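>
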Amino acid sequence: MKAIRFHEFGGPEVLKYEDVPEPKLRDDQVLIRVKGCALNHLDLWVRKGLPGVKLPHINGSDVAGEIEQVGSYFTDLKKGQRVLLAPMVFCNHCNECVNGRQNMCRQFTVLGNLVDGGNCELLAVPRVNVIPIPDSLGFNEAASVPLVFLTAWHMLVGRANIHPGQTVLVLGGGSGVGSAAIQIAKMFGATVIATAGDENKLAKAKSLGADHLINHYQQKIADQVRLITAKAGVDIVFEHVGQATFDESVRSLKLSGTLVTCGATTGSEAKFDIRVLFVKQLSFLGSYMGTMGELHEVLKHVFSGKLKPVVDTTFPLSEARAAHDRLENGEQFGKIVLNP
Ligand SMILES: [Zn+2]
Numbered sequence: 007m008k009a010i011r012f013h014e015f016g017g018p019e020v021l022k023y024e025d026v027p028e029p030k031l032r033d034d035q036v037l038i039r040v041k042g043c044a045l046n047h048l049d050l051w052v053r054k055g056l057p058g059v060k061l062p063h064i065n066g067s068d069v070a071g072e073i074e075q076v077g078s079y080f081t082d083l084k085k086g087q088r089v090l091l092a093p094m095v096f097c098n099h100c101n102e103c104v105n106g107r108q109n110m111c112r113q114f115t116v117l118g119n120l121v122d123g124g125n126c127e128l129l130a131v132p133r134v135n136v137i138p139i140p141d142s143l144g145f146n147e148a149a150s151v152p153l154v155f156l157t158a159w160h161m162l163v164g165r166a167n168i169h170p171g172q173t174v175l176v177l178g179g180g181s182g183v184g185s186a187a188i189q190i191a192k193m194f195g196a197t198v199i200a201t202a203g204d205e206n207k208l209a210k211a212k213s214l215g216a217d218h219l220i221n222h223y224q225q226k227i228a229d230q231v232r233l234i235t236a237k238a239g240v241d242i243v244f245e246h247v248g249q250a251t252f253d254e255s256v257r258s259l260k261l262s263g264t265l266v267t268c269g270a271t272t273g274s275e276a277k278f279d280i281r282v283l284f285v286k287q288l289s290f291l292g293s294y295m296g297t298m299g300e301l302h303e304v305l306k307h308v309f310s311g312k313l314k315p316v317v318d319t320t321f322p323l324s325e326a327r328a329a330h331d332r333l334e335n336g337e338q339f340g341k342i343v344l345n346p
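Residue numbering for the sequence shown follows my numbering, beginning at 7 and increasing consecutively.
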């Protein structure tokens, strides 16, 4: 089968469109014919080199496709069924896994991080990862859902305990995770302030439901938040940008506000005044992916049409380099999807 694989870490030029052996299906797995695989910033980090990644490697966390073959242990799925994949790998038998906290499993990893992912034509995965999708959801849309909607749901619902009437500042509202966060926060009855880097992205963030918009290249985020909230600040800051915005994010919080973060796209070192943390009684929360229960919960709202995946562009799998360039340059609004 064809795959995008790399044999050394580096820039987009290391991505090779080449023939690789087809996966051998085990009795306890399901073989998926990949129809769409969305990009995430993780793909860029893995391509540049992360600890534990074995070479050669195939990227890709967000997969939608058709069932090609079902392992003999299972009778509840059939060939041709349209599905998406839970974007994670876990042992499924440790204390955390059986308690439904798969993202705390010692063996937890994201699909396409420490194991080969979906930038290929065929992928064999455990049954637990395979989730049927309704006919109303196209493959590109379905591939745009799992990682970002799961991440945003776990951050806002699982970690920050979002409530109706709260105000949420969503950094980078044009990103995949940001566009998911705007919609989830609105579904919970929150007021949403979204930031983005250009007018086009701000307009799209507004169309997803954002109540207030900040151009983070032209305006000081915390100053604008002060104006919008009549000096109060926001209840929750949804962070994933990191170094470039962290100070502004902290300054945007109200007394006893919560900053929740899942990423550091612009750099991982940030400074903050410890006195502000305790005097303002702030909470800084980390968040990583989410649980299988949360994935099924957020998918209910996607399948019913309340939450809408945002597809930016699609590229043939063979043009993965151009897709990486687009993500790396921050040109996208929503998800970039590769089609094998
Ligand atoms: Zn486990």
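Where a beta carbon is used, it is the ideal one built from N, C-alpha and C, also for glycine.
Note that the structure is a prediction, hence the values are computed from the model and not measured.
Cutting at 6 Å between CB atoms, please list the residues of its own chain near residue 85, excluding the five before and the five after it.
On the sequence shown, position 79 is the one that residue 85 refers to. Around residue 85: 73.
> Determine, using beta carbons only, whether residue 28 and residue 177 come nearer to each other than 9 Å.
Locating residue 28 in the sequence shown gives position 22, counting from the first residue. Locating residue 177 in the sequence shown gives position 171, counting from the first residue. With contacts defined as CB atoms closer than 9 Å, residue 28 and residue 177 fail to qualify as a contacting pair.
> If you check the beta carbons only, do residue 93 and residue 156 fall under 9 Å apart?
Stepping through the sequence shown from its first residue, residue 93 is reached at position 87. Stepping through the sequence shown from its first residue, residue 156 is reached at position 150. In contact: residue 93 and residue 156 (Cβ atoms closer than 9 Å).
> Would you decide whether residue 169 is buried or exposed? Buried here means 16 or more other CB atoms lie within 10 Å of its CB.
The sequence position of residue 169 within the sequence shown is 163, counting from 1. Its Cβ having fewer than 16 others within 10 Å, residue 169 is exposed.
> Do residue 328 and residue 10 have their C-beta atoms within less than 9 Å of each other?
For this step, residue 328 is matched to residue 322 along the sequence shown. For this step, residue 10 is matched to residue 4 along the sequence shown. Between residue 328 and residue 10, the C-beta gap is not smaller than 9 Å, which leaves the two residues out of contact.
> Let me know if residue 126 comes out buried or exposed under the rule of 16 or more other beta-carbons within 10 Å of its beta-carbon.
By one-based count along the sequence shown, residue 126 stands at place 120. With 16 or more Cβ atoms within 10 Å of its Cβ, residue 126 is classed as buried.
> With 16 other CB atoms within 10 Å as the buried threshold, where does residue 284 fall?
Counting from 1 along the sequence shown, the entry for residue 284 is found at position 278. Flag for residue 284 reads exposed.
> Exposed or buried, which one is residue 236 when buried takes at least 16 other CB atoms within 10 Å?
Locating residue 236 in the sequence shown gives position 230, where the first residue counts as 1. By the 10 Å Cβ count, residue 236 comes out exposed.
> Does the separation of the CB atoms of residue 202 and residue 316 fall below 9 Å?
Mapped onto the sequence shown, residue 202 falls at position 196. Mapped onto the sequence shown, residue 316 falls at position 310. Contact flag unset, no.
> At the level of alpha carbons, what is the spacing between residue 190 and residue 158?
By one-based count along the sequence shown, residue 190 stands at place 184. By one-based count along the sequence shown, residue 158 stands at place 152. Spanning the two alpha carbons is a distance of roughly 8 Å.
> What I want to know is whether the C-beta of residue 176 ends up closer than 8 Å to one or more non-hydrogen atoms of ligand 2.
Looking for ligand 2 in the displayed structure turns up nothing; the ligands present are ligand 1.
> Determine, using beta carbons only, whether residue 75 and residue 31 come nearer to each other than 9 Å.
Here residue 75 refers to the residue found at position 69 of the sequence shown. Here residue 31 refers to the residue found at position 25 of the sequence shown. Their beta carbons are under 9 Å apart, which means residue 75 touches residue 31 by this criterion.
> Is the beta carbon of residue 149 sitting closer than 9 Å to the one on residue 42?
Residue numbering aside, residue 149 sits at position 143 when the sequence shown is read from its first letter. Residue numbering aside, residue 42 sits at position 36 when the sequence shown is read from its first letter. Result yes, Cβ atoms of residue 149 and residue 42 sit closer than 9 Å.
> Excluding the 5 residues preceding and the 5 following residue 287 in the sequence, name in chain order all residues of the same chain whose CB lies nearer than 7 Å to its CB.
For the purposes of this step, residue 287 is taken as the residue at position 281 of the sequence shown. Same-chain partners within the cutoff: 261 and 262.
> Within 10 Å of its beta-carbon, does residue 81 have 16 or more other beta-carbons around it, so buried, or fewer, so exposed?
Your numbering for residue 81 matches position 75 in the sequence shown. Counting C-beta atoms within 10 angstroms of its own C-beta, residue 81 has fewer than 16 neighbours from the protein chains shown and is therefore classed as exposed.
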